[in-house]
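Chains as they are written, first to last, in this note's numbering: chain A, 1 to 467; chain B, 1001 to 1274. Beta carbons are placed, not taken as given, at the ideal position from N, Cα and C, and that holds for glycine. Okay, so here's the structure we're looking at.
Laid out in structure tokens, this is it:
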């Protein structure tokens, strides 16, 4: 079996060898064409830049667990979506290609696709994002990388800002809606209480109290803020006074810091005085002590309490539950709105230190491609394969005989001999020396041909001995 | 009457009266060696520039096969086994080379005489190699009944080897070769001696119609196939034509020589380079 296979391989090798010149010619053509193409490929330069996306800026750390968003700026998916979309790439093409205006849709799409293939973005877990751009022009490549990096930063900042702004507007709208609903629920409770004497003497439930607090807190929030601001003004006055005392202990009155601090202190005092004038009068302390008055009210109500119909009791319970649900949702929405405000402060600003260009793109000096050695090796391999294939196909198409075995099988006749055509070394050397064998012009000469033409007939006598 | 053909051919120089009326039935040539000395011209035999020892052995192998086949055909009275036709499917496959090599190999046999007949009218390479291209030859003899066999048989530079050149080309060459005079010539060349070998270097089957006529006279046919050159379809077609036109061909009458092979395909595994 192995012998038959080897014989078959030998026959095919001989078949190829019989057309070796054709194979060599094909290989030479392929080699010349391939090498010419490889040499004509322009150099490819890889321009690149690097941006560090800092996920742990001081602002972000301060807003941890408070802000609405965490990060997501340096993930590969986000970069791909925000940077390499068709819209951005088409804009790049229009900005960089002066012929873009004359392109039709298909050509523009092709240019966008070509641009996408040239861009390579590498993102790592450590927050570094590399932007690579392959181009035959290193300067153009560096410019493109710079555009990409600028676009990356701007897109991320704008995206965060716009999204958070939308979220905040949505939450404001929802909170306003819930506020109305809460007011309606409280009005319903009040109506029930006023219509039914039995309900009027009941103590206010926790939900009712909380709802009232929510509704009351809304207009009083400004007052609370003013109170906070007043205390802040007082603190500022105190700190400035302390600072002024320290400075006066060391410097004269004309020292610039002393003068400046004195001016700031005057401003702070004026501010404090103005806030004190605007602050409303303190409510009456007697009416603000519910703990003292509650037992008396409960006793009185229990004595005067009339019976409550079941339907009214059910309606009363339903109103209480609705008010409770609305109150909970309202509080959650308010918490979200605060988180959104914090997120907008953290991630909606490009000056927050999140994006740092750690390597500015510069025109590369050494090309990264094409891999000419590899391509040359491939071309050589292709040329050899092509030459072998051409020689083999030629032999197969011609149907030539390459071995006695094949001939015998084909003709079903005995092959009784083979004649080898391989010049002897002696005759080959004779031929190379240019010693021509006897020509026709010597035909009448009764001399035998010169050696070595007759060397193999060593047993024969020369023509001179012909009788 | 002197039946020595070559002596008769030599006689016109001494006896001019015999030349104008040659006998139609050619007598056999009994003693070629004895007559060769009377001939004037000599054919120079050039051997191929091969690896001589190896080629010599390869032709010896071929000769042994041919001798064995001749002995096995000795009982057959229809065709002379000593008449060997060398042909091929297409031109340029080495017929003349095989003819010369086989002749040289037969020459080594004791008391063996070889007559080479160049019957390749399209390309008389054998005549050219022997420098006899311009001499009267086979076609002249077949066309001109006044010529004697001794006029066209030439001794060569090798003892025991004689040559019949093709002669001047004629349009009627196929008809002349297919005639009875050709058969008579072959019989005369054998001269009733089984040790005489007549090797006919013919044209290729697919290009020369006279080859088919010659095949009908040949006791053995050597079909030359060149490695990497002969197409299988041509071999099939050539053998088919011979089979149809020159009688049934079996392996006792037709054999194949694989020519232009490389060293690894040679039956000779060792050869000492001279």
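Residue i in three-state terms, based on DSSP
i, result
"residue 1258(B)", "strand"
"residue 20(A)", "helix"
"residue 41(A)", "coil"
"residue 1143(B)", "helix"
"residue 952(B)", "Outside the displayed range of chain B (1001 to 1274) lies residue 952(B), so it cannot be described from this structure."
"residue 356(A)", "strand"
"residue 1088(B)", "strand"
"residue 196(A)", "coil"
"residue 951(B)", "Shown here, chain B extends from 1001 to 1274; a query on residue 951(B) therefore has no answer."
"residue 1152(B)", "coil"
"residue 1113(B)", "strand"
"residue 450(A)", "Any reading at residue 450(A) must be qualified, since the residue scores a pLDDT of 38, below 50, and its modelled position is unreliable; no value is offered."
"residue 48(A)", "strand"
"residue 1229(B)", "coil"
"residue 238(A)", "helix"
"residue 1119(B)", "strand"
"residue 1220(B)", "strand"
"residue 369(A)", "strand"
"residue 1021(B)", "For residue 1021(B), the pLDDT reaches just 42, beneath the cut-off of 50, and the residue's location in the model is therefore unreliable, leaving the point undetermined."
"residue 1083(B)", "strand"
"residue 9(A)", "helix"
"residue 99(A)", "coil"
"residue 1202(B)", "strand"
"residue 53(A)", "strand"
"residue 1251(B)", "coil"
"residue 308(A)", "coil"
"residue 3(A)", "helix"
"residue 1267(B)", "coil"
"residue 138(A)", "helix"
Residue i burial status per 10 Å Cβ neighbour count (16 or more: buried)
i, result
"residue 194(A)", "exposed"
"residue 1142(B)", "buried"
"residue 89(A)", "buried"
"residue 1162(B)", "buried"
"residue 102(A)", "exposed"
"residue 1(A)", "exposed"
"residue 1118(B)", "buried"
"residue 1229(B)", "buried"
"residue 255(A)", "exposed"
"residue 1140(B)", "buried"
"residue 1120(B)", "buried"
"residue 1062(B)", "buried"
"residue 173(A)", "exposed"
"residue 331(A)", "exposed"
Residue span of the alpha helix (DSSP H) that contains residue i, given as start and end
i, result
"residue 255(A)", "Run containing residue 255(A): none; DSSP gives neither H nor E here."
"residue 385(A)", "372–398"
"residue 1096(B)", "1095–1107"
"residue 984(B)", "In the structure as shown, chain B begins at 1001 and stops at 1274. Residue 984(B) is therefore absent and cannot be evaluated."
"residue 1263(B)", "Unbroken run through residue 1263(B): none, as it is neither H nor E."
"residue 406(A)", "404–411"
"residue 1174(B)", "1173–1178"
Min CB distance residue i to chain E below 8 angstroms
i, result
"residue 18(A)", "Checking the listed chains, one finds no chain E in this structure; the protein chains it contains are A and B."
Residue range of the beta strand (DSSP E) that includes residue i
i, result
"residue 134(A)", "128–135"
"residue 1163(B)", "1161–1164"
"residue 121(A)", "119–123"
"residue 416(A)", "415–420"
**Prompt:** Taking contact to mean at least 3 C-beta pairs separated by less than 8 angstroms, is the segment 309–317 of chain A in contact with the segment 190–200 of chain A?
**Reply:** yes
**Request:** Give, in chain order, every residue of the segment 393–412 of chain A whose Cβ lies closer than 7 angstroms to some Cβ of chain B.
**Result:** 398, 399, 400, 401, 402, 403, 404, 407, 410 and 411
**Prompt:** Is the segment 1083–1094 of chain B touching the segment 1219–1230 of chain B in the sense that three or more CB pairs, one from each, lie closer than 8 angstroms?
**Reply:** yes
**Item:** Residues of the segment 1207–1241 of chain B whose Cβ lies closer than 7 angstroms to any Cβ of chain A, in chain order
**Value:** Listed by position, the residues of the segment 1207–1241 of chain B near chain A (Cβ gap below 7 angstroms) are 1225, 1227, 1228, 1229, 1230, 1231, 1232, 1233, 1235 and 1239.
**Message:** Across the segment 48–55 of chain A and the segment 380–397 of chain A, are there enough close Cβ pairs to call them in contact, namely three or more that are closer than 8 angstroms?
**Reply:** no
**Asked** Should the segment 358–366 of chain A be regarded as contacting the segment 139–146 of chain A, the criterion being three or more beta carbon pairs within less than 8 angstroms?
**Response** yes
**Prompt:** Given a limit of 7 angstroms on CB to CB distance, which residues of the segment 1134–1150 of chain B reach chain A?
**Reply:** none
**Prompt:** Listed from N- to C-terminal order along the chain, which residues in the segment 1080–1095 of chain B have their beta-carbon within a distance smaller than 8 angstroms of any beta-carbon of chain A?
**Reply:** Listed by position, the residues of the segment 1080–1095 of chain B near chain A (Cβ gap below 8 angstroms) are 1094.
**Item:** Sufficient close CB pairs (3 or more, under 8 angstroms) joining the segment 19–32 of chain A to the segment 115–122 of chain A
**Value:** They do not touch, by the three-pair rule.
**Prompt:** So does the segment 1123–1143 of chain B actually touch the segment 1090–1107 of chain B, counting three or more Cβ pairs closer than 8 angstroms?
**Reply:** yes
**Message:** Check whether the segment 375–388 of chain A and the segment 30–40 of chain A are in contact - that is, three or more C-beta pairs closer than 8 angstroms.
**Reply:** yes
**Request:** Determine which residues of the segment 1255–1272 of chain B have a Cβ less than 7 angstroms from any Cβ of chain A, and write them out in chain order.
**Result:** 1255, 1256, 1257, 1258, 1259, 1260, 1261, 1262, 1263, 1265, 1266 and 1267
**Item:** Contact between the segment 1182–1201 of chain B and the segment 1106–1116 of chain B (3+ Cβ pairs under 8 angstroms)
**Value:** yes
**Request:** Give a yes or no on contact between the segment 401–413 of chain A and the segment 1228–1244 of chain B, applying the rule of three or more CB pairs nearer than 8 angstroms.
**Result:** yes
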